[in-house]
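Letter by letter, the sequence shown follows residues 483 to 696 in the working numbering.
Note that CB positions come from ideal geometry on N, CA and C, so glycine has one too.
Take a look at the structure set out below.
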Amino acid sequence: MHDTVYVTSNPQLYQNRELIQPALHASINVWDEPGWNEEHGTVLPETVVDHAQRAAQEYSNKRLVVHFMQPHYPFIDSDTTFDKGHMNGDKAENVWGQLIKGELIVDEDTLWKIYADNLDRALPHVKELMKELKGRTVVTADHGNMVGERSFPIPIREWGHPRGIYTEQLVRVPWLIHDNEPRRDIVAERPETTTKNIEEGKVADRLKNLGYAE
Numbered sequence: 483m484h485d486t487v488y489v490t491s492n493p494q495l496y497q498n499r500e501l502i503q504p505a506l507h508a509s510i511n512v513w514d515e516p517g518w519n520e521e522h523g524t525v526l527p528e529t530v531v532d533h534a535q536r537a538a539q540e541y542s543n544k545r546l547v548v549h550f551m552q553p554h555y556p557f558i559d560s561d562t563t564f565d566k567g568h569m570n571g572d573k574a575e576n577v578w579g580q581l582i583k584g585e586l587i588v589d590e591d592t593l594w595k596i597y598a599d600n601l602d603r604a605l606p607h608v609k610e611l612m613k614e615l616k617g618r619t620v621v622t623a624d625h626g627n628m629v630g631e632r633s634f635p636i637p638i639r640e641w642g643h644p645r646g647i648y649t650e651q652l653v654r655v656p657w658l659i660h661d662n663e664p665r666r667d668i669v670a671e672r673p674e675t676t677t678k679n680i681e682e683g684k685v686a687d688r689l690k691n692l693g694y695a696e
């Protein structure tokens with residue numbers, strides 16, 4: 483993937499870089515300063531678009547993988563508090579873990595609404611980027627999400643995207659293809675060697691704010 487630049491709002495790849503050893507041309511960690519929004523405890527979609535636009539200009543002969551955080555919580559336009567406990571250290575367990583254990587009671591309709599609202603908060607910015615990027619753009623997701631549906635073969639109610647579970651809700655994702663001619667000439671080149679080292683404490687704090695509790 484020496485022809486690919488990864489623009490991401492999620493610290494997971496950086497956290498696991500030694501294990502995964504991604505062969506990317508470059509990574510742009512939007513979740514680092516100043517891309518991180520302290521008020522909302524996440525990266526806003528408009529910030530991701532700004533970095534992606536600049537990456538498209540700087541790396542005009544590279545593929546871009548642009549990773550938005552939404553609809554993943556925190557739910558940025560919601561006045562809910564149960565999804566924001568990580569921001570002040572109140573809860574170590576993420577929202578989905580609390581729901582599974584019965585430590586958090588939120589009805590499914592309410593949860594689906596704020597989840598969909600969080601997605602809707604990002605979609606106009608995705609559309610903006612689709613119009614600007616030249617060539618072929620694919621809009622998809624890295625996984626789905628379960629909101630109280632029963633798993634298989636053991637029919638227990640699941641929440642979030644637990645590991646080792648294979649259900650329609652988790653593996654069926656959108657695949658929207660948008661062509662905006664002309665297609666670009668893509669060139670693979672040696673990976674950049676100027677990757678910034680980010681303080682591990684900051685990485686851990688960002689992951690905690692996003693619900694990736696240790």
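Judged by DSSP secondary structure, D687 falls within the alpha helix (DSSP H) whose first and last residues are 682 to 691. Distance check between K684 and each of V577, P516, E674 places P516 closest, using alpha-carbon atoms only. As summarised for the segment 544 to 594, the continuous beta strand (DSSP E) elements at least 3 residues long and confined to that stretch are 545 to 549, given in chain order. With 16 or more other Cβ atoms inside 10 Å of its own Cβ, E640 counts as buried. D532 is not bridged by DSSP to any residue. L658 carries a strand assignment under DSSP once its states are collapsed to helix, strand and coil. Contact annotation: L601 and P553 have beta-carbon atoms nearer than 9 Å.
The straight-line gap separating the alpha-carbon atoms of T649 and N691 is approximately 27 Å. Of the residues assessed, K566 falls on the buried side of the cut-off, its CB having 16 or more other CB atoms within 10 angstroms. Pairing R672 with E500, the inter-Cα distance amounts to about 18 Å. For the pair T490 and N511, the CB atoms are nearer than the 9 Å cut-off.
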